[in-house]
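Counted from 1, the sequence shown has number 122 at position 123 by numbering that gives the first Met the number 0; the numbering is strictly sequential. Have a look at the structure below, then the notes.
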Amino acid sequence: MSTVNLGKQHPATYKNLGALDAQADTAAREAGLDPLLAELVRIRVSQLNGCAFCLRMHTRDALAKGESTDRLAVLAAWWESQYFTAQERAALALTEQVTELTVPERHTWDDGSLTDEQVSAVSWLAIVMNAWNRVAISSHYRVAPEVGATPRATPRSSQKDS
0 MSTVNLGKQH PATYKNLGAL DAQADTAARE AGLDPLLAEL VRIRVSQLNG
50 CAFCLRMHTR DALAKGESTD RLAVLAAWWE SQYFTAQERA ALALTEQVTE
100 LTVPERHTWD DGSLTDEQVS AVSWLAIVMN AWNRVAISSH YRVAPEVGAT
150 PRATPRSSQK DS
């Protein structure tokens with residue numbers, strides 16, 4: 000099977016997904032969710048789905064909105080850290096439930112930290128992000144260092160002692 004860019008093949012459908020994304024973002028804002036929480040949801044969905052394109056994009060977006068590198072560094076193991084509020088923890092557990100379509104075993108998100116409107120908004124953010132991940136992964140979006148980007152530092156274990 001050849002690689003097909005789904006957005007180019009069916010641009011109207013791709014545009015409609017963009018409109019749905021904007022509606023989910025509006026719902027999250029109207030539900031009183033912090034824009035940084037919306038980015039954390041998008042990043043967590045992308046971590047679970049293994050979507051490098053969306054991970055890079057939304058990590059950059061989160062940093063631009065003021066998210067800390069420490070919180071982003073521990074997001075994949077959010078339940079093990081003390082960086083996240085009760086509302087963020089509930090939203091992240093709900094995000095995992097929507098993405099994996101299973102009830103989280105280690106934690107429960109339904110602890111009263113989210114209103115019904117916020118539960119719906121987080122669910123829609125996760126649903127839309129899952130769709131974007133599938134578009135990017137299925138289309139094999141290229142994710143490479145930008146021209147002129149600083150190369151990765153040499154790991155300490157491979158450096159010689161002076």
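Note that beta-carbon positions come from the ideal geometry of N, C-alpha and C, so glycine has one too. A quick note: this is a predicted structure, and the numbers were derived from the prediction, not measured.
Quick one: is residue i buried, meaning 16 or more other Cβ sit within 10 Å of its Cβ, or exposed?
i, result
"V146", "exposed"
"W78", "exposed"
"N15", "exposed"
"R141", "exposed"
"L62", "exposed"
"Q22", "exposed"
"S1", "exposed"
Look up residue i in the DSSP assignment and say whether it is helix, strand or coil.
i, result
"G147", "coil"
"S67", "coil"
"A18", "helix"
"A92", "helix"
"S137", "helix"
"L36", "helix"
"D110", "coil"
"T98", "helix"
I think residue i touches residue j, with their Cβ atoms under 8 Å apart; what is that distance to the nearest whole Å?
i, j, result
"A85", "D110", "7 Å"
"G6", "S138", "7 Å"
"I42", "L74", "6 Å"
Hey, out of the options, whose CA is closest to residue i's CA?
i, options, result
"H9", "S45, R141, V134, D20", "V134"
"T94", "L19, P144, L124", "L124"
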